[in-house]
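These notes are about the structure you will find just below.
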Amino acid sequence: MFSDLFPIEWQAFHFLRPGFLWLLIPPIIIFVIQVVSTQQKTKWKKVIAPHLRKFMISKGSNKRLYRINFAIMGILILGVLAIAGPTWKKREIPGQILQTPMSILLELSESMNQTDLQPSRLGRAIFKINDFLDHDPQARASLIGFAGTAHTIVPLTNDYDILKNHIDGLNTQVMPISGSDIAAGLQLADSVMSVTKAPGSIILMVDELDDLQIQNISEFAGITKHKLEIVPFIATSSDEELNSRLNMLSDFENITLHQLTLDDSDMELIARRISRNLEFTEEPEEKEDDWRDAGLILVIPMAFLFVLSFRKGWSIYLLLPLLLTSCSGSGDFKDLWYTKDYQAQQLSDKGDYEEAAESFQDPLRKGIAYYKAENYNQAIRYFREDTSAIGDFNLGLAYYKSGDLNSARLAFQEAVEKDPRMQQAKDFSEQILNVLPDGQELNLDEATEQGEGDPAQNTQNDSMEDLGGGGQEATEEDMEKERREETAVTDIRKGKELDEVPEDIGQEDIQRQDNSKVLMEKIDEDPSLFLQRKFRFQLKNRENKGSNEK
C-alpha cells in the first residue's frame with residue numbers, strides 16, 4: 001500500500017496543509033510546562049530533612065513520568081504532522097482514451113475536371129476515396145469539399161456507406177463559388193474534428209498547388225495537432241516546379257506526401273497508418289491535489305503509542321481521535337465522516353468526473369458525472385434508471401452527444417409527455433426532427449438535476465454547416481432527411497415567387513390554398529443538385545451573417 005512511496009524524495013517533500021503545523025505550538029508549550037513543573041517538585045526534596053523524606057514523598061520513578069510525557073508528546077506531534085499531510089510523490093492519474101477522427105478534404109475546383117488522369121482528376125480521386133474506405137481505416141470520417149468556399153458534405157460518421165453514397169454524386173458544379181481556397185478547407189476540417197481533443201488525420205486530395213497554397217498548408221501544419229496525408233492528383237513526375245514546391249512540405253513532421261499508384265496500395269498504406277493510431281490517451285491536467293497524502297503512514301507509530309496507553313498510569317484515551325484524522329485520500333477514513341455522495345460531489349467540484357461517477361450512489365447524479373466525463377454510453381445507462389421527466393431530458397442529451405439522434409428525439413418527446421412545461425425539450429426535439437436546416441446546432445453542455453432552469457442554450461454554428469462540427473454523428477436516415485427537407489425549403493421559396501398558379505395544380509388544391517401560397521412539393525432525388533442548393537443556401541447565410549455583424 002505504501003511501498004511505492006519509498007524512498008522519500010526529500011527535494012519534493014512538502015506539506016499539503018502546512019497551516020495545521022501551527023498546532024505543534026500548544027503541545028510543545030505543554031511539554032515545557034510539565035518539565036519545569038517536574039523540576040520544581042524535585043527542588044522541594046532538598047528542603048525536607050533527609051530522614052523525613054521517605055515519610056513525606058511517595059516512592060516513584062521520575063523516569064516513568066518522563067516516558068509518559070514523551071509518549072503523549074509524540075502522539076500529539078505525529079497527529080499534527082498527519083493532519084498537515086506530508087507528501088513527496090505525485091498521484092498517478094490515468095488519462096482519458098479518445099478515438100481519433102479523420103477528414104477527407106477533396107478539391108472540387110474546375111481544374112479537377114482535367115483529363116491528364118483518366119477518367120479525370122476528380123474521377124480518379126473518387127475512385128481512390130472508395131478504395132481508401134474499402135480498406136476500413138476504422139476511424140470516424142467526414143467528407144469536406146472546397147473550391148472558392150469550403151463545405152461539409154458528410155460530418156463525422158462511422159458508417160462509410162454514407163460517405164460512398166455522397167461521393168458518387170460529386171462534381172465541380174455543386175460548389176457555389178469557383179476557386180481553390182485550401183485555407184478555408186483546412187480550417188473547416190479542423191473545426192469538424194474539434195468535437196474531440198484527440199489529434200486526427202486530414203487526407204488532402206488536391207491537384208495543382210501554387211505558392212500561396214503551399215504557404216497556407218505550411219502555416220496550418222505549423223499550428224495544428226492533426227496529421228496531413230497529401231495526395232496530389234497530377235502527373236507530378238513531369239512537373240519539376242510542382243515537385244519542388246511539394247518537397248518544401250516534406251520538412252514538416254506531421255505532413256506525409258503520397259504518390260498515386262495504379263492499384264490501391266497507396267490508399268491501403270494511408271488506411272493502415274490511420275488504423276494503427278485509433279486511440280489517443282489524453283494527458284490529465286496537473287492539479288495541486290494530485291500529490292499523494294502520506295499522513296496515513298504516521299498512524300502506525302501513533303497506534304503503537306496508543307496501545308501503551310492501557311498500562312496503569314496512562315490516561316491518554318482522549319487522544320483517540322488523532323488516530324483517525326489523517327485526511328489521506330488513499331485510505332477509507334473518509335467513509336467514517338462523509339457519505340459516498342458527498343465525497344463524489346467533492347471530486348466532481350474538482351473536475352474528477354470519472355472518479356466521482358464511480359462514487360455516486362444516486363443514478364441521476366451518477367449519470368450526470370459520466371456525462372460531464374464525456375462517457376456518454378455509461379451516462380445513458382444510468383439516465384435510463386431515472387423514469388422522471390428530468391431523467392428523460394438528460395437521456396436525450398446523452399443520446400445526442402453519442403450521435404444517436406433518433407433516440408435523442410424520442411427521449412425529449414418522452415420528457416415533454418411527462419412534463420409539458422419542459423419547453424426546452426420540445427425545442428430540442430423539433431430541431432433534431434428538422435435536422436437543423438437553419439445552420440443551428442444544439443449546445444448540450446450540461447445535464448441537469450432540476451426541473452427548472454436553462455441547462456442548455458441554442459447557439460449559432462459559426463461554420464454554418466448542416467450537421468457539421470456539432471459533435472453528432474451522421475446516419476443514413478439523417479442525411480436523407482436533411483436532403484429532402486433542404487430541397488423542400490428551396491422549392492418553397494420557388495413557390496412563393498410564382499405570380500400565378502401552375503397549370504398542373506389540381507382544382508381541389510386551388511380551393512384549399514391561396515394562389516400566392518402554392519408550394520411545389522417535388523423532392524429532387526439527385527444528390528448533386530441537393531448539394532448545390534445546400535451549399536448556396538449556406539453561402540447566403542454566411543453573407544447575411546457577415547452583413548448583420550457589420
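Number 522 in UniProt numbering belongs to position 522 of the sequence shown; there are no gaps in the numbering.
Virtual Cβ for every residue (Gly too), placed ideally from N, Cα, C.
Starting from residue i, follow the alpha helix (DSSP H) in both directions and report where the run begins and ends.
i	result
ASP341	340 to 349
ALA356	353 to 359
GLU9	Neither: GLU9 is in no alpha helix (DSSP H) and is coded neither H nor E.
GLU414	405 to 418
ASP392	389 to 402
GLN173	Premise fails: GLN173 is in no alpha helix (DSSP H) and is neither H nor E.
SER191	182 to 192
LEU364	363 to 372
ILE380	376 to 383
Just the C-alpha distance for residue i and residue j, rounded to the nearest angstrom, thanks.
i	j	result
ILE28	LEU81	14 Å
residue 630	ILE77	The structure shown does not extend to residue 630, since the chain spans only 1 to 550, so no value can be given for it.
residue 557	ALA189	Since the displayed the chain opens at 1 and closes at 550, residue 557 lies outside it and no answer follows.
ALA408	VAL231	38 Å
LEU529	VAL174	7 Å
GLU107	ALA398	35 Å
LEU143	ASP419	40 Å
ASP207	SER111	8 Å
PHE233	LEU539	27 Å
GLU414	THR196	29 Å
ALA356	ILE153	39 Å
MET520	LEU257	For MET520, the predicted structure reports a pLDDT of 33, less than 50, and the residue's modelled location is therefore unreliable. The matter cannot be settled from this model.
VAL361	LYS340	According to the sequence provided, residue 361 is Gln. The question's Val does not apply to it. Looking at the two C-alpha atoms, the distance is approximately 7 Å.
residue 551	LEU186	The question about residue 551 has no answer here: the residues shown for the chain are numbered 1 through 550.
GLN138	ARG421	43 Å
LEU23	LYS350	28 Å
ILE8	TRP88	7 Å
SER180	LEU260	21 Å
ILE203	GLY169	20 Å
GLN118	LEU105	21 Å
ASN171	ARG121	11 Å
ALA389	ASN113	55 Å
GLU279	TYR342	33 Å
HIS51	PRO26	40 Å
MET302	PHE20	18 Å
LYS534	SER402	25 Å
GLY222	THR281	22 Å
LEU531	LYS90	54 Å
TRP10	PHE70	27 Å
PHE383	SER275	33 Å
ILE380	ALA369	11 Å
Can you tell which of the options has its C-alpha closest to the C-alpha of residue i?
i	options	result
GLN99	GLN532, GLN538, GLU374	GLU374
GLY85	TRP291, GLY185, ASP419	TRP291
ASP266	LEU298, ILE368, ILE300, MET205	MET205
ILE83	TYR160, ILE368, HIS14	HIS14
MET193	SER178, LYS401, MET102	MET102
GLY74	PHE31, ASN113, GLU354	PHE31
ASN247	ASP352, ARG365, LEU209, LEU296	LEU209
SER244	PHE535, LEU228, ASP211, ILE177	ASP211
TYR160	ILE177, ARG140, PRO176	ARG140
PHE537	PHE383, HIS151, GLU241	HIS151
LYS225	ILE300, SER191, SER250, LEU296	SER191
ILE68	VAL35, ILE97, ALA49	VAL35
ASN254	LYS227, ARG276, LEU262, ASN277	LYS227
LEU296	ARG542, PRO18, GLY79	GLY79
ILE97	ASN277, PHE412, ASN544	ASN277
residue 554	PRO176, ASN406, SER109, ILE72	Nothing about residue 554 can be reported from this structure: the residues present for the chain run from 1 to 550 only.
Quick one: does residue i have its CB under 8 Å from some CB of chain B?
i	result
LEU204	Chain labels in this structure do not include chain B; a single protein chain is all it has.
Original post:
Would you say the region 129 to 138 touches the region 263 to 275, given that touching needs at least three Cβ pairs under 8 Å?
Top reply: yes
Subject >> alpha helix (DSSP H) segments (min. 4 residues) lying fully within the region 196 to 265 >> reply: 211 to 223, 240 to 249
Original post:
On the three-pair Cβ rule with 8 Å, is the region 205 to 217 touching the region 149 to 169?
Top reply: no
Original post:
In chain order, which beta strand (DSSP E) runs of at least 3 residues are fully inside the region 89 to 166?
Top reply: 96 to 99, 101 to 107, 140 to 146, 150 to 157
Original post:
Is the region 136 to 149 touching the region 116 to 127, taking contact as three or more C-beta pairs under 8 Å?
Top reply: no
Original post:
Should the region 413 to 428 be regarded as contacting the region 382 to 398, the criterion being three or more beta carbon pairs within less than 8 Å?
Top reply: yes
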